[in-house]
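Everything on this sheet refers to the single structure shown next.
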Amino acid sequence: MKIKLTSFEVAANVEGDRNADRLALILPGQLDSKDYQHIRSHTNFLARKGFLSVSFDPAGTWESGDDLSIYTMTNYLKTINELIHYFGNRPTFTMGHSRGGTMAMAAGIGNPSVFSFAAVMSGYSYSPKVNPNYSDKKEWMELGYRESLRDLPNDHNQSRLFKLPYGFLEDTLKYDLTDGLKNCTKPKMFVYGNKDDQIRPEFVKQGFELSSDPKELNELESDHDYRWHPELITEVNDLVWGFLKNQ
């Protein structure tokens, strides 16, 4: 379905009881689709657990348009906050994979409706001072964009090419959640993949260590793309429910 917000119209998967007491937002990673297997599974799982459960394609991507100039972390976060408002500012759990987990943290730190959050294989900072190896900034700037291939949700043998503008990187480099995590006393869960070569386990552990209590850290026997493994998707669902059920 399409949801018309103040700033954007986004395509969303909305599952569960519309009158549920709590909202869950499941957030895709960088240029990932709301229809990828893991995002779909987490959305449906939390709906079965009594949440109104929502995932969406961030503005400018997939079914939410093709203007990548509006695909930024700032606009992603704005969309999250506007969706929380759209659904009545009910108590909200945010979770995501990779970049989506970073967005879950950012929303959890900044939005009072978010009562807890979970980040699966996610970085907590893009500041060059904290994460100097994040990107090939010079090459990206000289070309003006960076190409990225994403497989289609319903046909893994086909792919879509995205040309992500340099403006995305400029916006991203402003985000450092260090102080927010240190001061945020909401329950927070971190998951790292012990074979992940994109978001290093050490970097996830750093985010966990600097965060205030209450917090939880879990290990997944996986590389970064756990979505290719149904048993690992189920394991993440179980970890999330173990984290949430006593809140």
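Numbering (my numbering), first residue to last: 1 to 247.
Ideal placement from N, C-alpha and C gives every residue a C-beta, glycine not left out.
| Asked | Found |
| --- | --- |
| Cβ contact (3+ pairs, closer than 8 Å) linking the stretch 146 to 154 and the stretch 210 to 217 | no |
| Alpha-carbon to alpha-carbon, A47 and D196 | 29 Å |
| Beta-carbon proximity check, M95 vs L177, cutoff 8 Å | no |
| Counted within 10 angstroms of its Cβ, other Cβ atoms place G88 as buried (16 or more) or exposed | exposed |
| Bridge partners - N218, DSSP secondary structure assignment | V191 |
| Assumed close pair G29, H97 - CB separation to whole angstroms, cut-off 8 Å | 5 Å |
| Cross-strand partners of Y145 (DSSP beta bridge) | P165 |
| Runs of alpha helix (DSSP H) wholly within the stretch 24 to 58 (minimum 4 residues, chain order) | 37 to 48 |
| Inter-residue spacing [alpha-carbon to alpha-carbon] between H156 and W241 | 29 Å |
| Those residues which DSSP pairs with F117 across a bridge | T94, K188 |
| Of the residues M141, S116, M103, K138, the one placed nearest F123, counting alpha carbons only | Looking at the sequence shown, residue 123 is not Phe but Gly. G123 has its Cα closest to that of M103, out of M141, S116, M103, K138. |
| Rounded distance between the beta-carbons of L68 and P153, thought under 8 Å | Actually they do not touch by this definition, with Cβ atoms about 18 Å apart. |
| M1 burial status per 10 Å Cβ neighbour count (16 or more: buried) | exposed |
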